[in-house]
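Participant:
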Amino acid sequence: MFGPPGSGKGTYASRLSEELTIPHISTGELVREEIRNQTETGREIESYSKSGRLVPDEVIGKLLENRISQADCAKGFILDGFPRTVTQAEVLERISGPDVVVNLDVPDDVILERLSTRQTCGKCGAIYNERSLKSKAAGICDKCGGQLRKRDDDQPSVINERLKVYAVQTQPLLNYYHKKGIVRNLVNKEASAPPDKVVREILRILKAEQHV
Ligand code: ADP
Ligand code: ZN
Numbered sequence: 003m004f005g006p007p008g009s010g011k012g013t014y015a016s017r018l019s020e021e022l023t024i025p026h027i028s029t030g031e032l033v034r035e036e037i038r039n040q041t042e043t044g045r046e047i048e049s050y051s052k053s054g055r056l057v058p059d060e061v062i063g064k065l066l067e068n069r070i071s072q073a074d075c076a077k078g079f080i081l082d083g084f085p086r087t088v089t090q091a092e093v094l095e096r097i098s099g100p101d102v103v104v105n106l107d108v109p110d111d112v113i114l115e116r117l118s119t120r121q122t123c124g125k126c127g128a129i130y131n132e133r134s135l136k137s138k139a140a141g142i143c144d145k146c147g148g149q150l151r152k153r154d155d156d157q158p159s160v161i162n163e164r165l166k167v168y169a170v171q172t173q174p175l176l177n178y179y180h181k182k183g184i185v186r187n188l189v190n191k192e193a194s195a196p197p198d199k200v201v202r203e204i205l206r207i208l209k210a211e212q213h214v
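If you count the sequence shown from 1, you need to add 2 to reach the working numbering.
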């Protein structure tokens with residue numbers, strides 16, 4: 003799943019993962035887990051994540067390789083938030099290059115609206131939205147009962163930094179995948195498009211091309 007922060011990568015990937023029964027791997031979630039658990043890596047990368055900058059390629063590459071080497075990934079997986087640089091894409095090619103890159107094309111005003119109202123479960127990472135994707139009980143995760151909170155990097159100044167980082171470091175990577183002919187664009191201009199509708203559209207594309 004490719005696209006700017008707030009384009010819906012995590013929301014769609016988590017639903018696709020249930021539909022296809024393959025794991026959803028969010029490198030942002032791997033990063034937050036390291037920080038929560040206060041591991042050595044967590045302490046090393048906390049300042050990057052809090053300020054909206056990319057974690058160094060070697061560190062994120064190791065986290066990803068560890069995750070992919072687990073048994074549940076043998077039949078495939080959905081990546082959300084990786085790769086974000088050409089160096090990372092090359093790391094991925096050495097393990098297993100993507101079959102298809104779903105590019106979520108979402109305008110900046112929609113992104114700002116979504117991120118400023120996003121809530122995340124502090125325990126399991128599930129994603130909600132105060133306006134468009136509410137939890138059943140206010141402030142509590144439907145899935146695990148954990149507390150919902152605003153992510154540290156969902157503050158306006160950090161959101162702007164993340165959008166800049168995306169434009170400069172990540173978006174150029176799309177060209178790398180265009181050259182391989184595996185990019186499928188999904189245009190989504192509404193802030194509150196129902197996720198199920200988008201997920202059905204992604205599944206339609208994947209099935210039409212016999213990826214699933
Ligand atoms: P979003 O896509 O909403 O910006 P993520 O949850 O995917 O957020 O990522 C949060 C943060 O984790 C990033 O801003 C960055 O600091 C770090 N991160 C996640 N994935 C990567 C990656 N592939 N390379 C470098 N840093 C990453
Ligand atoms: Zn939860």
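No residue lacks a Cβ here, since even glycine has one placed at the ideal position from N, Cα and C.
Please work out which residues of its chain come closer than 6 Å, Cβ to Cβ, to Gly141, disregarding the five sequence neighbours upstream and downstream, and give them in chain order.
Facilitator: Same-chain partners within the cutoff: Leu150.
Participant: Heavy atom of ligand 2 less than 8 Å from the Cβ of Gly127, yes or no?
Facilitator: Yes, ligand 2 has a heavy atom inside 8 Å of this Cβ.
Participant: Output the residue ranges of the alpha helix (DSSP H) runs that lie fully inside the stretch 145 to 192 and measure 4 residues or longer, sorted by chain position.
Facilitator: DSSP runs (the alpha helix (DSSP H)) wholly in the stretch 145 to 192: 158 to 167 and 175 to 182.
Participant: Checking 9 Å against the spacing of the C-beta atoms, do Lys145 and Thr122 come in under that value?
Facilitator: Not closer than 9 Å, so no.
Participant: By the three-class DSSP mapping on this structure, what secondary structure does Ser28 have?
Facilitator: Correct three-state label for Ser28: strand.
Participant: Would you tell me roughly how many angstroms separate the C-alpha atoms of Arg202 and Asp59, rounded to the nearest one?
Facilitator: Answer to the nearest angstrom: the Cα atoms are 33 Å apart.
Participant: Can you tell me where the beta strand (DSSP E) holding Ile129 begins and where it ends?
Facilitator: It spans Ile129 to Asn131 - the beta strand (DSSP E) in which Ile129 sits, taken as one unbroken run.
Participant: Since Asp101 and Met3 should fall inside the 8 Å C-beta cutoff, what is the C-beta to C-beta distance between them, to a whole number of angstroms?
Facilitator: The Cβ separation is near 13 Å, so there is no contact.
Participant: Counting Cβ pairs closer than 8 Å, one from the stretch 63 to 74 and one from the stretch 157 to 164, do we hit at least three?
Facilitator: Taking 8 Å as the limit for Cβ pairs, the verdict is that the stretch 157 to 164 does not touch the stretch 63 to 74.
Participant: Could you check which residue in Glu21, Ile27, His26 and Ser51 has the C-alpha nearest to that of Arg34?
Facilitator: Of Glu21, Ile27, His26 and Ser51, the residue nearest in Cα terms is Ser51.
Participant: Just to confirm, is the Cβ distance from Ile80 to Ala128 under 9 Å?
Facilitator: No, these two residues do not count as a Cβ contact at 9 Å.
Participant: Using DSSP with H/G/I as helix, E/B as strand and the rest coil, what is Asp107?
Facilitator: DSSP places Asp107 in strand when its eight states are reduced to three.
Participant: Please return the same chain residues whose Cβ sits closer than 6 Å to the Cβ of Ile37, not counting the five positions on each side in sequence.
Facilitator: Cβ within range, chain order: Gly44 and Glu48.
Participant: Where are the beta strand (DSSP E) runs, 3 residues long or more, that stay fully inside the stretch 45 to 124, in chain order?
Facilitator: Counting whole runs of 3 or more residues, the stretch 45 to 124 contains the beta strand (DSSP E) stretches 80 to 82, 103 to 107 and 120 to 123.
Participant: Nearer than 8 Å: is that true of the beta carbon of Tyr50 relative to any heavy atom of ligand 4?
Facilitator: With respect to ligand 4, the structure shown offers nothing to examine, as its ligands consist of ligand 1 and ligand 2.
Participant: Is the beta carbon of Pro25 closer than 9 Å to that of Tyr168?
Facilitator: Taking 9 Å as the Cβ cut-off, Tyr168 and Pro25 do not qualify as a contacting pair.
Participant: With distance defined between alpha-carbon atoms, name the residue in Val108, Ala73, Gly54 and Ala193 nearest to Arg86.
Facilitator: Selected option, being the one with the closest Cα: Gly54.
Participant: Buried or exposed for Ser28, going by 16 or more other Cβ atoms inside 10 Å?
Facilitator: Burial call: buried.
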